[in-house]
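Have a look at the structure below before the remarks.
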Amino acid sequence: QDNGTWGGPSRTRFRDGATKSEWFKIHTGDGFGAAVDPSDRRTVYATSQFGGLVRVDAHTLMPNRVARPGTVDGTRVQFNWDTPFFVSPHNHNRLFFAGNFAFRSFDRGAHTDTISGKLSRTDQGTATVFTESPRQPGLLYAGTDDGAAWVSRDDGKRWRRIDGNLPKVAGPRYVSVLQPSAHADGRVFLALDGHRSNDFATHLFVSNDYGASWSALGDALPPNQPVRGFCEDPRNSRLLFAGTEFGCYASLDRGRSWHRLGEGLPTVPVHDLVIQDRDAELVAATHGRGLFVLEIEPLRQLTRTVLAGDAELLAPHAAYLWCEIERPSVGHKIWHAPQAPYGSSIFLYHGKAPSEVPEVTITDLAGKELARLKGAKVAGVQRIVWNARRTPERSATTRGPRTGRGAGRGEGRAGPRTRTTGRRAPLGPRVPPGTYRVSYTFAGKTTSRALELLPDPLSADTTRHPLRRIP
1 QDNGTWGGPS RTRFRDGATK SEWFKIHTGD GFGAAVDPSD RRTVYATSQF GGLVRVDAHT
61 LMPNRVARPG TVDGTRVQFN WDTPFFVSPH NHNRLFFAGN FAFRSFDRGA HTDTISGKLS
121 RTDQGTATVF TESPRQPGLL YAGTDDGAAW VSRDDGKRWR RIDGNLPKVA GPRYVSVLQP
181 SAHADGRVFL ALDGHRSNDF ATHLFVSNDY GASWSALGDA LPPNQPVRGF CEDPRNSRLL
241 FAGTEFGCYA SLDRGRSWHR LGEGLPTVPV HDLVIQDRDA ELVAATHGRG LFVLEIEPLR
301 QLTRTVLAGD AELLAPHAAY LWCEIERPSV GHKIWHAPQA PYGSSIFLYH GKAPSEVPEV
361 TITDLAGKEL ARLKGAKVAG VQRIVWNARR TPERSATTRG PRTGRGAGRG EGRAGPRTRT
421 TGRRAPLGPR VPPGTYRVSY TFAGKTTSRA LELLPDPLSA DTTRHPLRRI P
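Number 297 in my numbering belongs to position 297 of the sequence shown; there are no gaps in the numbering.
Printed below as a string of structure tokens:
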């Protein structure tokens with residue numbers, strides 16, 4: 001509480017990962033969600049408690065308060081502790097936010113119009129979710145903390161209640177999710193959090209007719225886990241994610257079955273889920289354990305055809321050759337966020353555990369072999385990381401073992417150059433940015449995929465100096 005709203009990187013050029021020094025404060029008060037202008041990354045919107053919405057210049061950190069009326073037709077305007085707001089995906093100058101009424105600005109918050117009647121069921125109720133379809137401009141959805149859900153198909157001119165025929169719901173419940181689909185015009189997902197009403201059931205639904213009718217989507221989720229966050233993958237309509245009171249789950253078949261995402265993510269409430277489409281990453285915001293990032297490119301490719309097969313080499317996502325910087329170690333004095341592996345992640349899928357250790361081969365476009373990498377004899381999806389280096393010659397001359405506590409970093413020496421004995425393989429030379437090929441052979445069939453390595457965007461000449469320090 002009173003920690004404000006912050007921004008920071010999921011990874012840095014420092015090899016030891018991000019520290020608190022790489023994070024910066026956007027807004028004061030109690031911290032909630034933030035939204036970056038998709039056409040101007042310098043402009044960030046943030047809110048504090050009860051609708052304290054501001055537009056912030058991320059360079060100067062100068063805030064400008066978003067205009068909001070005090071009353072509407074004689075009714076006092078009020079906002080939820082965590083006020084929903086968004087920048088239109090169709091026009092970055094249009095800003096929407098909601099309390100017991102819905103509001104819209106055409107000029108990034110300088111002036112505001114009321115676009116709805118009273119949204120809440122009760123005098124105390126306020127909006128908890130408010131969003132616009134990524135497919136249809138003006139298709140708006142809003143939900144409240146006292147159980148009302150609404151749709152407007154004409155940019156707020158007319159609104160219709162859509163919560164009247166939800167199956168298996170005993171009464172009004174807090175609307176925690178109301179998200180229109182990126183793949184079908186009438187499809188919308190809705191989740192209810194009933195723990196405030198002594199209802200701990202898993203309420204997750206989908207509608208394909210703008211909320212006129214609903215089907216249960218959470219029957220295959222574990223019971224008694226209220227859904228807090230949800231998102232649909234913008235590339236694969238069958239790939240869904242749900243954040244619950246006890247973790248995060250993925251569905252590969254649009255909700256018919258769910259699988260827990262457990263490795264690296266503790267048992268913790270997941271309050272929000274967002275997909276960074278450019279990098280194919282799922283970001284999970286937890287209650288008390290920080291932020292977690294998952295690479296979802298392999299999940300996007302797990303189609304019914306792939307899942308029905310024995311093995312598959314999945315197409316790797318493009319990777320950056322970051323110009324890494326090494327800074328002095330301070331041990332455990334400063335906390336460092338775990339850094340994502342350097343290089344390219346290669347994913348294999350096996351319907352059942354292979355009888356032999358899988359091995360992938362990296363070549364250039366001329367067919368010259370650069371590296372061979374081994375995986376594990378496990379079923380499902382596994383990741384093999386290529387560090388963007390050639391396999392070194394075993395007879396290469398390398399520095400000897402680092403004897404002494406200073407490991408050669410002080411006045412002492414690291415030891416004479418010796419011939420490699422094979423006990424510890426040296427690092428090979430790093431390859432330049434470009435397109436390569438990765439191949440995998442299973443049951444006599446070889447599959448190849450393009451593998452792209454991109455230069456660091458801040459590097460003027462990464463090809464010649466792949467480890468050049470960036471000022």
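A virtual CB, placed ideally from N, CA and C, is assigned to each residue, including glycine.
Separation of residue j from residue i, as counted between CA atoms
| i | j | result |
| --- | --- | --- |
| Pro38 | His92 | 7 Å |
| Ala311 | Thr446 | 11 Å |
| Val56 | Arg449 | 43 Å |
| Val330 | Arg15 | 13 Å |
| Thr202 | Gly31 | 27 Å |
| Tyr320 | Gly70 | 49 Å |
| Arg41 | Gly288 | 28 Å |
| His90 | Arg135 | 9 Å |
| Val77 | Ala98 | 10 Å |
| Phe103 | Val381 | 45 Å |
| Leu451 | Thr435 | 6 Å |
| Asn236 | Lys333 | 43 Å |
| Tyr249 | Arg430 | 37 Å |
| Leu313 | Val357 | 14 Å |
| Trp150 | Ala379 | 44 Å |
| Ala318 | Asp364 | 15 Å |
| Arg228 | Leu291 | 15 Å |
| Leu239 | Asp107 | 35 Å |
| Leu458 | Ala216 | 48 Å |
| His183 | Gly51 | 31 Å |
| Ser116 | Leu190 | 20 Å |
| Leu204 | Phe230 | 9 Å |
| Arg413 | Pro426 | With a pLDDT of 47 at Arg413, under the threshold of 50, the modelled position of this residue cannot be trusted; read the value that follows with caution. The alpha-carbon atoms of Arg413 and Pro426 are separated by roughly 19 Å. |
| Arg160 | Gly375 | 54 Å |
Anticipated Cβ contact below 8 Å, residue i with residue j, distance rounded
| i | j | result |
| --- | --- | --- |
| Leu119 | Thr144 | 6 Å |
| Leu282 | Ala388 | With 8 Å as the limit, Leu282 and Ala388 do not qualify as a contact, their Cβ atoms being about 24 Å apart. |
| Asp456 | Trp322 | 5 Å |
| Thr128 | Ser176 | 7 Å |
| Gly109 | Val66 | 3 Å |
| Gly186 | Asn208 | 5 Å |
| Leu348 | Ile384 | 7 Å |
| Gly243 | Ala284 | 6 Å |
| Gly4 | Lys20 | Actually they do not touch by this definition, with Cβ atoms about 13 Å apart. |
| Val438 | Pro316 | 7 Å |
| Thr126 | Asn80 | 4 Å |
Counterpart residues of residue i in DSSP-defined beta bridges
| i | result |
| --- | --- |
| Asn64 | Arg55 |
| Glu326 | Glu326 pairs with nothing; no bridge assigned. |
| Asp155 | Note: Asp155 sits in no beta bridge, so no partner. |
| Ser48 | Gly52 |
| His259 | Ala250 |
| His27 | Thr5 |
| Arg437 | Thr363 and Ala450 |
| Ser10 | In DSSP, Ser10 forms no bridge with anything. |
| Thr244 | Val227 and Gly247 |
Nearest neighbour of residue i, chosen from the options [CA to CA]
| i | options | result |
| --- | --- | --- |
| Pro433 | Leu427, Gly51, Ser344 and Ala353 | Ser344 |
| Pro298 | Pro341, Ile325, Arg260 and Leu252 | Leu252 |
| Ser152 | Phe101, Gly194 and Gly138 | Gly138 |
| Ala220 | Pro269, Tyr210 and Arg256 | Arg256 |
| Pro552 | Ser213, Asp199 and Tyr210 | In the structure displayed, the chain extends from 1 to 471; residue 552 sits before or after that span and is not available. |
| Gln276 | Leu294, Pro316 and Phe96 | Leu294 |
| Leu192 | Ala184, Val169 and Ile26 | Val169 |
| Asp113 | Gln124, Asp123 and Phe101 | Phe101 |
| Ala148 | Gly211, Ile26 and Thr303 | Gly211 |
| Pro354 | Lys377, Gly444 and Arg304 | Lys377 |
| Asn64 | Thr28, Ala280, Val188 and Leu313 | Thr28 |
| Ser213 | Leu261, Arg68, Ala379 and Leu166 | Leu166 |
| His111 | Gln124, Arg68 and Arg160 | Arg68 |
| Ala34 | Leu95, Gly375, Gly156 and Arg158 | Leu95 |
| Ser133 | His271, Gly444, Ser88 and Arg160 | Ser88 |
| Ser105 | Gly156, Leu61 and Asp163 | Gly156 |
| Val36 | Ile346, Gly7 and Glu369 | Gly7 |
| Asp123 | Gly375, Asp154, Thr75 and Gly164 | Thr75 |
Proximal residues to residue i (C-beta, below 8 Å), its chain only, five neighbours per side dropped
| i | result |
| --- | --- |
| Ala371 | Thr361, Ile362, Trp386, Arg389, Arg390, Thr391 and Gly428 |
| Thr12 | Ala18, Glu22 and Gln339 |
| Arg121 | Thr144, Asp146, Gly147, Ala148 and Pro172 |
| Gly262 | Gly247 |
Same chain, Cβ closer than 6 Å to residue i, five either side skipped, listed in chain order
| i | result |
| --- | --- |
| Glu245 | Gln225, Pro226 and Pro269 |
| Val274 | Val283 |
| Leu302 | Leu252 |
| Val206 | Phe189, Ser215 and Leu217 |
| Ala58 | Arg42 and Val44 |
CB contact below 8 Å: residue i versus chain D
| i | result |
| --- | --- |
| Gly262 | Absent from the structure: chain D. Only one protein chain is present. |
Proximal residues to residue i (C-beta, below 7 Å), its chain only, five neighbours per side dropped
| i | result |
| --- | --- |
| Thr131 | Phe86, Tyr141, Leu178, Gln179 and Pro180 |
| Gly309 | Gly351 |
| Arg158 | Ser152 |
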